[in-house]
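According to our numbering, the stretch in the sequence shown is residues 29 to 208, in order.
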Amino acid sequence: MRRALVDPSSAEWVDVVDDDDRVVGRVTRPEMRTRNLLHRAVYVFVLNTRGELFVHRRTATKDVYPGYCDLTIGGVVGTGEEYDAAAERELAEELGLIGVPIIRLGGLRYADEGTRICGMVYLTRHDGPFVLQAEEIASGGFVPLAQAQRVARDERCCPDAVAALEAYGDALSLRGRAGW
């Protein structure tokens, strides 16, 4: 496998964590990907007031799961960044949402041949419209939760987001019907 050449002064830095989510090092994002190091990530489910889930298609240029469906807004937590701050940053970057309330649902561990994650899962409620980040999101829209579960089962969908839906789908269903 070829390693990407990265200028360390301009690279995105990521905390490497141990199995107890304690920071044990710091590497560039490409090095984290190349070595499949355990790192932090956030996942934010976006429900509208009808209880529908925002589902989107990732761009073909993403470094992980390009072109896949995604059930969450989220990404890698930066060096020194707290989970909540990362969730708020990702909502601002990917959907243009600033200052919306988020609810922390809980933790998520995920690993496959390409990624190892110590994650945190959130929920927010917003009806849009959104300003989609063109570099990250090709398209998206709200779908009923049952349809999102079918997408997770039947389509090429980000497996870590599927794991988040499997872990917290009941909470989404309850909050979707009852509000906050």
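Beta carbons: idealized from backbone N, C-alpha and C, even for Gly.
Query                                                                                                                                                          : Result
Looking at the structure shown, is Asp49 part of a helix, part of a strand, or coil, going by DSSP?                                                            : coil
Output the residue ranges of the beta strand (DSSP E) runs that lie fully inside the stretch 42–97 and measure 3 residues or longer, sorted by chain position. : 51–56, 66–75, 81–86
Once the 5 residues before and after Gly103 are set aside, which same chain residues still bring their CB inside 6 Å of it?                                    : Glu118
With DSSP as the reference, please indicate the residues paired to Arg144 in a beta bridge.                                                                    : Leu66, Ala139
How long is the line joining the alpha carbons of Gly197 and Ala174, rounded to whole angstroms?                                                               : 10 Å
If you measure between the beta carbons of Tyr96 and Val105, is that distance less than 8 Å?                                                                   : no
At a Cβ threshold of 8 Å, is Thr152 touching chain B?                                                                                                          : The chain labelled as chain B is not found in the depicted structure, where only one protein chain is given.
Identify the residues that DSSP records as bridge partners of Leu151: which are they?                                                                          : Phe73, Ile131
From Asn209 to Leu151, what does the alpha carbon distance come to, in whole angstroms?                                                                        : Coverage of the chain is limited to positions 29 through 208, which leaves residue 209 absent and any answer about it impossible.
Kindly indicate which three-state DSSP category Val190 falls into: helix, strand or coil?                                                                      : helix
Taking the DSSP output, what are the residues bridged to Val104?                                                                                               : Ala69
State the DSSP-derived secondary structure class of Gly169, mapped to helix, strand or coil.                                                                   : strand
Using beta-carbon positions only, say whether Met60 and Val83 come within less than 8 Å of one another.                                                        : no
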